[in-house]
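In my numbering, the protein residues as written are 24 to 438. Glycine included, every Cβ here is placed at the ideal spot set by N, Cα and C. All values reported here derive from a predicted model rather than from experimental measurement. For reference, the structure is listed below as structure tokens.
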Amino acid sequence: MKPLEDIRIIAVEQYGAGPFGTVHLADLGAEVIKIEDPNVGGDVGRYVPPYFDGEDSLFFETFNRNKRSISLDLTSEAGREVFEELVKVSDVVYSNLRGDVPAKMRLMYDDLKHLNPAIVCVSLTGFGMTGPRSKEPGYDYILQGLAGWMELTGEPEGPPTKSGLSLVDYSGGFVAAMSLLAGVHAARRDGVGMDCDVSLYDTAVTMLAYLATWKLNAGFEPVRTSHSAHPSLVPFQAFEAKDGWMVVGCAKEKFWQRLAKVVGHPEWAEQDSPFASFSSRRENQAELIGLLEDIFRERNVDDWLPELYAASIPCGPINDVEAALTDPHTAARNLIVETEHPHYGTLQQLGSPVRVGSEVPEYRRAPQRGEHLEEVATEVLNLDADALEALRSRGAFGAVAPVEPDTAETEAAAR
24 MKPLEDIRII AVEQYGAGPF GTVHLADLGA EVIKIEDPNV GGDVGRYVPP YFDGEDSLFF
84 ETFNRNKRSI SLDLTSEAGR EVFEELVKVS DVVYSNLRGD VPAKMRLMYD DLKHLNPAIV
144 CVSLTGFGMT GPRSKEPGYD YILQGLAGWM ELTGEPEGPP TKSGLSLVDY SGGFVAAMSL
204 LAGVHAARRD GVGMDCDVSL YDTAVTMLAY LATWKLNAGF EPVRTSHSAH PSLVPFQAFE
264 AKDGWMVVGC AKEKFWQRLA KVVGHPEWAE QDSPFASFSS RRENQAELIG LLEDIFRERN
324 VDDWLPELYA ASIPCGPIND VEAALTDPHT AARNLIVETE HPHYGTLQQL GSPVRVGSEV
384 PEYRRAPQRG EHLEEVATEV LNLDADALEA LRSRGAFGAV APVEPDTAET EAAAR
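In structure tokens:
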């Protein structure tokens with residue numbers, strides 16, 4: 024069996040953060056049944072430009088492989104009935120909505136425990152379910168600003184800067200997945216489920232990590248650093264070479280001693296040098312970095328890196344996205360995977376970084392909206408065709424199209 028093959032997750036999810044959390048669980052074998060609202064065309068991620076056609080988008084494919092999809096109107100009585108039957112035979116109800124919405128939609132443990140006492144209800148929201156911001160919508164960009172990330176990012180003379188990636192969303196997804204697994208473990212041990220109140224805000228603030236500890240306990244004033252330099256370790260930053268940029272970092276004294284030799288100044292690492300220790304290099308940072316910048320500009324990136332690698336100094340080129348994707352190490356780690364899609368054909372994307380044992384994950388394309396209704400109805404809920412049709416006629420899976428009257432009968436009635 025795959026590591027999570029015995030876990031069933033009902034996912035009332037949308038866009039990026041929530042689906043990013045569950046896609047890694049699905050890659051590990053968890054059965055993720057994605058609930059899509061037929062009233063709005065399903066997950067909004069299906070329509071993210073520029074690469075979309077109808078309900079197919081490359082954005083949606085990224086976050087929803089290995090999942091199953093059913094269209095289910097949770098606002099209808101029949102749709103709620105189907106949802107509650109799923110709760111009875113599942114381990115988790117997972118959602119990413121605004122903080123006050125899970126309670127309104129009755130997705131909380133107290134709403135569902137009568138159906139399944141061991142159900143785990145994971146709610147990934149922007150700001151959590153408590154506190155003054157709980158009813159606010161939370162998006163990655165907003166959170167990067169609120170949590171102090173943007174004030175820390177960019178050149179000192181430039182404006183506050185967002186990360187080029189939606190790191191709050193992705194980190195929040197990972198935190199939600201971790202909470203989910205811990206909740207399932209506890210529920211199986213104790214027989215009692217719970218709510219897991221996870222938020223992007225909590226995730227972003229706690230990722231301030233040691234900078235927050237320094238601030239809270241020592242009055243540290245975080246500032247933006249030139250060329251993305253480390254706040255305390257010198258040198259550890261981006262350096263401009265003759266033809267491009269690279270990162271060189273001395274996180275240990277031994278790396279500095281080696282770097283001093285590579286740049287032709289072994290005396291900089293000697294005991295009487297103003298650059299001999301972590302502390303002295305930090306005190307003389309401006310002088311040292313100026314000297315190093317002049318030296319690194321004399322040669323190309325590809326001239327410096329072999330020497331730095333040979334000396335086992337932490338370093339690397341600053342790649343563009345294409346270079347990162349075509350790096351030989353990317354291929355060696357099997358990070359580019361393929362799925363077959365009815366619209367896109369053979370589709371390439373990145374595999375999961377989560378590794379459990381030696382088994383290579385299997386990857387299946389993201390589902391079409393409502394694609395797995397019959398499978399879920401028969402395999403999971405044991406519904407026959409008549410029962411399924413009755414639910415459909417009651418609007419469980421979306422509005423029922425009006426039946427066009429037979430032409431002959433209409434004419435006869437008119438006469």
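Return the chain-ordered list of same chain residues with a C-beta closer than 7 Å to the C-beta of residue i, the five sequence neighbours on each side being excluded.
i	result
residue 321	265
residue 368	none
residue 67	37, 38
In angstroms with no decimal places, state the Cα-to-Cα distance between residue i and residue j.
i	j	result
residue 223	residue 409	43 Å
residue 353	residue 359	7 Å
residue 155	residue 241	28 Å
residue 71	residue 251	31 Å
residue 162	residue 233	24 Å
residue 160	residue 255	35 Å
residue 270	residue 290	23 Å
residue 300	residue 317	21 Å
residue 351	residue 345	12 Å
residue 272	residue 245	20 Å
residue 361	residue 374	9 Å
residue 60	residue 169	31 Å
residue 393	residue 158	30 Å
residue 249	residue 310	14 Å
residue 142	residue 114	5 Å
residue 167	residue 191	7 Å
residue 215	residue 209	8 Å
residue 84	residue 200	19 Å
residue 430	residue 395	Bear in mind that a pLDDT of 45 at residue 430, under 50, signals an unreliable position, so the number given afterwards is only what the model happens to contain. Their Cα atoms are separated by approximately 35 Å.
residue 307	residue 296	11 Å
residue 91	residue 390	6 Å
residue 207	residue 400	24 Å
residue 432	residue 423	At residue 432 the pLDDT is 44, less than 50, meaning the model places this residue with poor confidence and gives no usable figure here.
residue 341	residue 177	16 Å
residue 333	residue 281	10 Å
residue 343	residue 371	18 Å
residue 434	residue 412	With a pLDDT of only 41 at residue 434, under 50, the local geometry of the prediction cannot be trusted, and no value is derived from it.
residue 349	residue 356	12 Å
residue 171	residue 37	26 Å
residue 194	residue 121	17 Å
residue 225	residue 293	45 Å
Could you give the residue range of the beta strand (DSSP E) that holds residue i?
i	result
residue 368	368-373
residue 384	Taken as a continuous stretch (DSSP letters only), residue 384 belongs to no beta strand (DSSP E), as it is neither H nor E.
residue 117	115-118
residue 261	259-263
residue 169	Segment 163-169 is the alpha helix (DSSP H) holding residue 169; no beta strand (DSSP E) there.
residue 402	Run containing residue 402: none; DSSP gives neither H nor E here.
residue 123	Looking at the DSSP string, residue 123 is not in any beta strand (DSSP E), and its letter there is neither H nor E.
residue 147	143-148
Check the C-beta distance from residue i over to residue j and give it rounded, since I have them as a contact under 8 Å.
i	j	result
residue 119	residue 147	4 Å
residue 204	residue 404	Not quite, the Cβ-Cβ distance comes to about 25 Å (not below 8 Å), so this is no contact.
residue 220	residue 151	6 Å
residue 87	residue 42	6 Å
How would you write the range of the alpha helix (DSSP H) that residue i sits in, first residue to last?
i	result
residue 24	That residue, residue 24, is in no alpha helix (DSSP H); it is neither H nor E in DSSP.
residue 272	Element bounds for residue 272: not the alpha helix (DSSP H) but the beta strand (DSSP E), 268-272.
residue 218	Per DSSP, residue 218 belongs to no alpha helix (DSSP H); it is in the beta strand (DSSP E), 217-222.
residue 296	Element bounds for residue 296: n/a, residue is neither H nor E.
residue 275	Per DSSP, residue 275 belongs to no alpha helix (DSSP H) and is neither H nor E.
Quickly, what does DSSP pair residue i with across the bridge? List them, please.
i	result
residue 91	56
residue 501	For residue 501 there is no data in the structure shown, the boundaries of the chain being 24 and 438.
residue 316	None; residue 316 has no bridge partner.
residue 237	Beta-bridge pairing links residue 237 to no other residue.
residue 364	368
residue 79	76
residue 340	269
Please work out which residues of its chain come closer than 8 Å, Cβ to Cβ, to residue i, disregarding the five sequence neighbours upstream and downstream, and give them in chain order.
i	result
residue 330	285
residue 419	95, 96, 99, 101, 102, 104, 105
residue 11	Residue 11 falls outside the range modelled here, since the chain spans only 24 to 438, and no answer is possible.
residue 78	64, 65, 69, 70, 391, 392
residue 268	261, 262, 324, 340, 341
residue 416	423
residue 397	411
Within a Cβ cutoff of 6 Å, which residues of the same chain sit near residue i, ignoring the five residues on either side of it in sequence?
i	result
residue 253	259
residue 34	45, 55, 57, 117
residue 28	52
residue 436	At residue 436, the pLDDT of 38 sits below 50, so the modelled position is not reliable and the matter cannot be decided from this model.
Heavy atom of the ligand NAD less than 7 Å from the Cβ of residue i, yes or no?
i	result
residue 177	The ligand NAD is not among the ligands present in this structure, which contains no ligands whatsoever.
Cβ of residue i less than 8 Å from any chain C Cβ?
i	result
residue 194	No chain C is present in this structure, which holds just one protein chain.
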